[in-house]
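> This is the structure, below, for whatever I ask next.
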Amino acid sequence: MAITSGGTGGRRRQAALLRRHIGHGGRWRNSRFPITRLSFRFVIISLAFVALLAPIFFHFRLRRFHQMQSRKCGWLNDPPLVCAHGGDSTNAFRNTMTAYRLALRSQVDCIEIDVSRSFDRVLFALHDRDLQQISGNNASKVGHLSMKEIKELDVSHQSAQKFDHEKIPTIEEALTLISDSVRQVVLDAKVGPPSYERGLAKDILSVVSLLFTPP
């Protein structure tokens, strides 16, 4: 409704509108967006909620970040073992005494030894694959050779560096060299003909017990 100032009728209408304005707490009755105490409180509460929401959000984001960092770097408190398979096979032939010595010089935590059994039941630090490389015969098997035949094999020229009189060690020789210098030794039993797994575990345990059982 427009308010005009012309004539007595106009002044009366102005007075009536003014009384209605005062009678409704100083608020125009026809106001399109009335502001009351209730709506004012709602606005304040909404602003307070928004103000608190940001710190809460960043708190949980930061907490999540720290959890992820802890998960990624937790291994630093419990680092993995560094294990040399067959010793230092980069600079010497696998499972030779030189390979074991070079691995110990690098201060590895663990050395894994391949264990195969000869025809006469002697345990050697040897793998069929390595025997085939040494002998040049792809059909060679450790279990088909005697202890004497394996001991006669020369490994000196199998690595990039030449090591004179390099022989294949028995398990006793390998364990005697490394057992006091590493945290862990892994014996990887290789099953092959003619005996396969028959009595192999017992033979390995017998050697270990003989070496490490106090007199």
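Per the numbering used here, numbering through the sequence shown is continuous, rising by one, with the last residue being 197.
Where is the CB? At the ideal position from N, CA and C, for every residue including glycine.
#1: Would a C-beta distance cut-off of 7 Å place Ile160 and Tyr82 closer than the cut-off?
#2: For Ser252 and His139, what's the separation of their Cα atoms in angstroms?
#3: Between the beta-carbon of Val93 and the beta-carbon of Val167, is there less than 7 Å?
#4: How is Ala107 classed by DSSP in three states: helix, strand or coil?
#5: Answer with buried or exposed for Arg45, where buried requires no fewer than 16 other C-beta atoms within 10 angstroms of its C-beta.
#6: Take Val164 and list the residues in its own chain whose beta-carbon comes closer than 8 Å to its own, dropping the five residues that flank it on each side.
#7: Any heavy atom of the ligand COA closer than 6 Å to the beta-carbon of Ile153?
#8: Is the beta carbon of Ile95 closer than 7 Å to that of Leu169?
#9: Taking the Cβ atom as the reference point for each residue, do Gly125 and Pro176 lie within a distance shorter than 7 Å?
This is what the structure gives:
#1: yes
#2: With the chain covering only -17 through 197, there is no way to say anything about residue 252.
#3: The question names Val, but residue 93 in the sequence shown is Ile. Result yes, Cβ atoms of Ile93 and Val167 sit closer than 7 Å.
#4: strand
#5: exposed
#6: Leu86, Val90, Asp91, Cys92 and Ile93
#7: Of ligands this structure carries none, so the ligand COA is not represented either.
#8: yes
#9: yes
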